[in-house]
Amino acid sequence: MQPPPPCAFAETAPPSAGQLAGAPWSAPHQAPLREALRLTNDKEREGAAMLGIATVGDLLEHLPRDRREARAVGALSQGEQATVVVEVRSIASRPVRRRGMRPIVEAVVADETGQMKVAFFNQPWLVRRYPAGTRLVLHGTFDARNRFRVTSHAPTAEGVGGEGQVAHYPATDGLSSTQILALVREHLPAARMALEPLPGRLRARHRLPCRPAALLAAHSGDLEAARRRLAFDELLLAQLDLLRRRAHRRGAVGAPVLAGSGDGPQAGLLERWLTELLPFTPTGDQQRAIASVTDDLAQPHPMQRLLMGEVGSGKTVVALAAMLRAVEHGHQAALMAPTETLAEQHFATLQALMPGEAVPAALLTGSTTAARRADTLGKLASGELSLVVGTHALIEDDVRFDRLAVAVVDEQHRFGVRQRAALDAKAAGEGQTLAPHVLHMTATPIPRTLALLGYGDLDVTELRELPRGRQPIDTHVAGGERERSRAYERMREELRAGRQAYVVCPLVAESEALQARAATAEYERLAATELADFRVALLHGQMRSAEKSAVMRAFAAGETDVLVATTVIEVGVDVPNATVMLVEDAERYGISQLHQLRGRVGRGEHRSLCLLFGPKQSERLAALAEHADGFRLAEIDLRLRGEGELTGTRQSGLAAFRFAVMPGDGELLERARAAARDMLDADPALERPEHVLLADALRAAHGEVSRIAIAA
């Protein structure tokens with residue numbers, strides 16, 4: 106039976122769910138792709154497992170990394186590692202004298218530029234597999250005696266690798282690129298059996314080849330065009346999943362409707378706070394963000410909004426506006442932060458932003474005393490307490506709210522899915538099925554491409570505008586001892602003028618204990634040398650909560666001049682009199698983290714200084730010195746590091762894409778997002794015949810939408 110043309114299944118009328126018995130990916134003609142890949146030994150099987158290759162379909166979706174020009178035999182030089190495409194002129198097996206050794210297979214191979222000898226050890230069957238006239242792809246090393254020591258080999262095939270080019274695949278010790286090429290040659294005809302999940306009109310609109318043709322081309326034709334087609338599928342499924350989660354959340358779960366200014370004892374609280382009590386005028390970005398949030402709160406479904414703010418842009422003001430809207434309607438609000446230091450800073454900031462207004466509020470962390478904890482829990486359960494700020498302590502089993510309506514989750518990527526779901530569940534009292542409105546906050550600007558990938562199910566609001574009065578921060582990279590000496594002198598100049606400074610110790614390892622030791626050693630050194638004339642304090646994550654709070658209070662009150670710390674001060678610390686940020690071994694940190702640290706200064710009336718100790722040639726440090734815009738820096742970070750390394754747009758990380766590459770496929774992502782939105786607008790359940798295969802692919806890739814998934 107002749108195999109069908111590449112797009113035979115793609116171009117026929119789409120099958121119905123009934124025709125495919127509810128399992129289109131298990132349709133009979135899919136059997137060749139679902140077959141387990143037959144490998145010859147355990148080493149190959151282990152290698153395939155490491156590459157995620159179990160079936161023929163997995164193999165055909167394992168794309169070449171690139172295609173390289175094959176070297177000509179006549180151009181090889183001594184000791185050169187190379188790949189050659191040759192023809193077998195003669196081949197024979199030669200016995201060896203050593204007992205237990207299999208015969209050596211020797212061959213003479215040639216291309217149009219010359220010929221050479223090759224030897225294959227412990228593989229006597231190759232005499233039958235590679236008779237004279239067989240074209241081979243060989244990879245190995247050429248030696249001085251016109252011999253080629255082969256490390257991997259495979260027969261070529263018409264269209265596989267192209268004339269003069271050889272496909273190179275991601276490989277492992279157990280399964281080489283050449284071995285993968287041989288397997289692809291054997292199984293490539295099965296690519297014609299691949300199902301086409303995309304409707305024909307969609308493919309035509311985006312000028313995409315059908316999936317069978319793309320798989321064939323990936324191994325034997327236009328690799329980039331094929332990869333983009335497969336990447337589009339991947340991105341489309343991801344966006345469909347995010348958008349259906351959003352739609353499911355809105356349809357399946359209700360939320361308190363907080364429209365207008367309320368009618369209880371605290372009616373009009375938000376408007377009064379904005380116009381009379383707030384000690385400054387919100388920026389334009391803050392006003393627009395508050396308007397978006399209050400519009401969300403007036404809806405009968407839960408707000409799910411990400412507030413993404415530049416360092417110092419005033420996210421807390423927007424968060425407090427949302428919380429006060431809940432209070433004026435007689436409900437409760439909670440703010441959950443990932444660390445005690447950050448929770449304490451938020452609580453202090455909220456108290457400072459509500460002068461003269463009696464809004465019952467409390468702080469709840471792991472260090473809260475037993476008596477105060479019991480009092481706080483009782484008031485939360487009775488509804489007497491309107492606002493609470495805390496850490497993971499807020500989601501412990503014994504914490505019960507009377508009427509939780511708004512939850513703010515700061516630096517939410519540091520919380521897991523189940524932790525956020527637990528806070529969600531706190532809104533549902535006895536017999537209720539409501540969820541709170543949730544405002545997610547992050548101080549790390551996220552490039553749009555990553556925001557669509559990691560937060561495509563959320564509404565996103567950006568705060569780019571800084572409050573009036575924020576002073577510019579001069580950033581310099583100090584690369585040598587002379588510059589280091591000058592940096593300390595500049596710090597002393599600021600300290601003598603009555604200002605304060607931070608010194609952040611190196612990120613030695615992912616261990617708070619190691620960081621604490623590094624900070625302690627630097628604290629002791631500075632206090633005895635460069636900063637001996639000033640009051641130096643130490644702060645790190647291994648200290649007890651009470652100790653950390655005391656150190657921060659003393660620094661904020663101006664009782665100490667220099668704070669030597671780890672990255673525990675990365676977010677949430679606000680000391681307007683601090684004008685110097687010095688970071689040791691700055692190259693160890695990412696751009697976003699350095700930008701966050703820099704944001705701890707420049708908060709008062711004086712011009713500030715950020716000194717980065719590290720190599721002058723570092724692109725990351727140079728970017729910090731050149732740019733102050735966190736959103737611009739995030740784009741640079743993405744370009745330098747790629748989406749796989751960027752931290753925390755979600756705790757579980759971004760989707761591990763096999764074909765899509767960011768930021769290069771940003772435009773493809775935008776198209777996939779638009780296509781997913783149009784498709785779900787027209788067919789929310791993907792029930793139309795032309796969407797049957799796509800719906801099944803979506804279930805296979807992302808599963809069904811569940812309650813726990815909604816909370817993500």
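Each residue of the sequence shown is one higher than the one before, counting from 106 in my numbering.
Every residue gets a Cβ at the ideal spot worked out from N, C-alpha and C, and that includes glycine.
Bear in mind that the values here come from a model prediction, so they are computed numbers and not experimental data.
Report yes if the C-beta distance between L803 and L345 is below 7 Å; otherwise report no. Taking a C-beta distance under 7 Å as the contact criterion, L803 and L345 qualify as a contact pair.
If contacts are defined as beta-carbon pairs under 8 Å, then Q391 and V423 qualify, I think. What distance do you get, rounded to the angstrom? Their Cβ separation, rounded to whole angstroms, is 6 Å, which keeps Q391 and V423 in contact under 8 Å.
In the DSSP assignment, find the unbroken beta strand (DSSP E) run with E567 in it and report its ends. Start and end: D564 to L568.
Would you please state the rounded distance, in angstroms, between the beta carbons of G559 and L348? I believe it to be under 8 Å. The pair is not a contact, with the Cβ atoms about 14 Å apart (cut-off 8 Å).
Segment limits, beta strand (DSSP E) that includes P260: For P260, the enclosing beta strand (DSSP E) starts and ends at R252 to P260.
Given P465, which residues of its chain have a CB within under 8 Å of its CB, disregarding the five upstream and five downstream residues? Hits under 8 Å: K484, E489, L490, S491 and L492.
Could you check if P789 is buried or exposed, using at least 16 other CB atoms within 10 Å of its CB as the buried criterion? By the beta-carbon neighbour count (other beta carbons within 10 angstroms, threshold 16), P789 is exposed.
If you check the beta carbons only, do R658 and I696 fall under 7 Å apart? At a Cβ-Cβ threshold of 7 Å, R658 and I696 do not count as neighbours.
For D171, which of helix, strand or coil comes out of DSSP? Note: D171 maps to strand in three-state DSSP.
Within the continuous beta strand (DSSP E) that includes F226, where are the two ends? Following the DSSP letters along the chain, one finds F226 in no beta strand (DSSP E), marked with neither H nor E.
Consult DSSP for G184 and reduce its assignment to one of helix, strand or coil. If DSSP states are grouped into helix, strand and coil, G184 belongs with coil.
Classify Q468 as helix, strand or coil using the three-state DSSP reduction. Contrary to the premise, residue 468 reads as Leu rather than Gln in this sequence. Strand, per DSSP.
Pick helix, strand or coil for H451, following the three-state DSSP scheme. H451 falls in the helix class under three-state DSSP.
Is there contact between the region 586 to 595 and the region 662 to 678, where contact requires at least three CB pairs shorter than 8 Å? For the pair of segments examined, the region 586 to 595 was found not to touch the region 662 to 678: the number of CB pairs separated by less than 8 Å stays below three.
Between which two residues does the beta strand (DSSP E) harbouring A141 extend? No beta strand (DSSP E) holds A141; DSSP gives it neither H nor E.
Inter-residue spacing [alpha-carbon to alpha-carbon] between A780 and A486: If I take the Cα positions, the gap works out to 46 Å.
Could you check what DSSP says for Y628 in three-state terms: helix, strand or coil? The answer is helix: DSSP assigns Y628 an H, G or I state.
Name the DSSP bridge partner or partners of A197? E211, per the DSSP bridge assignment.
Let me make sure I understand the geometry here. Which of E501, A457, L363 and T380 has the alpha-carbon closest to that of A438? Looking from the CA of A438, the closest CA among E501, A457, L363 and T380 belongs to L363.
Relative to the alpha-carbon of D690, which residue among G709, V609 and R746 has its alpha-carbon at the smallest distance? Looking only at G709, V609 and R746, the smallest Cα-Cα distance to D690 is reached by V609.
Could you tell me the boundaries of the beta strand (DSSP E) in which M546 lies? That run of the beta strand (DSSP E) goes H542 to T547.
Using alpha carbons as the reference points, say which of P681, L687 and P720 lies closest to G709. The candidate whose alpha carbon is nearest that of G709 is P681.
When the Cα of P260 is compared with those of L458, E291 and H645, which residue comes out closest? Among L458, E291 and H645, the Cα nearest to that of P260 belongs to E291.
Using alpha carbons as the reference points, say which of A442, A336, V688 and D564 lies closest to E772. Checked all of A442, A336, V688 and D564; the closest Cα to E772 is A336.
Y560: first and last residue of the uninterrupted alpha helix (DSSP H) it sits in: First-last of the alpha helix (DSSP H) with Y560: R553 to Y560.
I'd like to know whether the C-beta atoms of S325 and T283 end up nearer to each other than 7 Å. No; because the gap between Cβ atoms is not below 7 Å, this pair is not in contact.
So is G230 buried or exposed if we call it buried at 16+ other beta carbons inside 10 Å? Note that residue 230 is Trp in the sequence shown here, rather than Gly. Exposed, since its Cβ has fewer than 16 Cβ neighbours within 10 Å.
What are the start and end residues of the alpha helix (DSSP H) that includes F736? Unbroken alpha helix (DSSP H) run through F736: G735 to R746.
According to DSSP, what are the bridge partners of M459? In the DSSP assignment, no residue is bridged to M459.
Which of helix, strand or coil does DSSP assign to Y593? Of the three classes helix, strand and coil, the one that applies to Y593 here is helix, per DSSP.
Among L320, T277 and G157, nearest to L293 - alpha-carbon criterion: Out of L320, T277 and G157, L320 has the C-alpha closest to the C-alpha of L293.
Could you tell me the boundaries of the alpha helix (DSSP H) in which D579 lies? Careful: D579 lies outside any alpha helix (DSSP H), inside the beta strand (DSSP E) at I578 to A583.
If I follow the unbroken alpha helix (DSSP H) through M648, where does it start and stop? Premise fails: M648 is in no alpha helix (DSSP H) and is neither H nor E.
D546 to R430 span [Cα, whole Å]: The question names Asp, but residue 546 in the sequence shown is Met. Going by the C-alpha atoms only, they are around 17 Å apart.
Check each candidate in T473, G367 and H581 and name the one with the smallest Cα separation from G435. Checked all of T473, G367 and H581; the closest Cα to G435 is G367.
Using the three-state DSSP reduction, which class does R410 fall into: helix, strand or coil? In the structure shown, R410 sits in a strand (DSSP, three-state: E or B).
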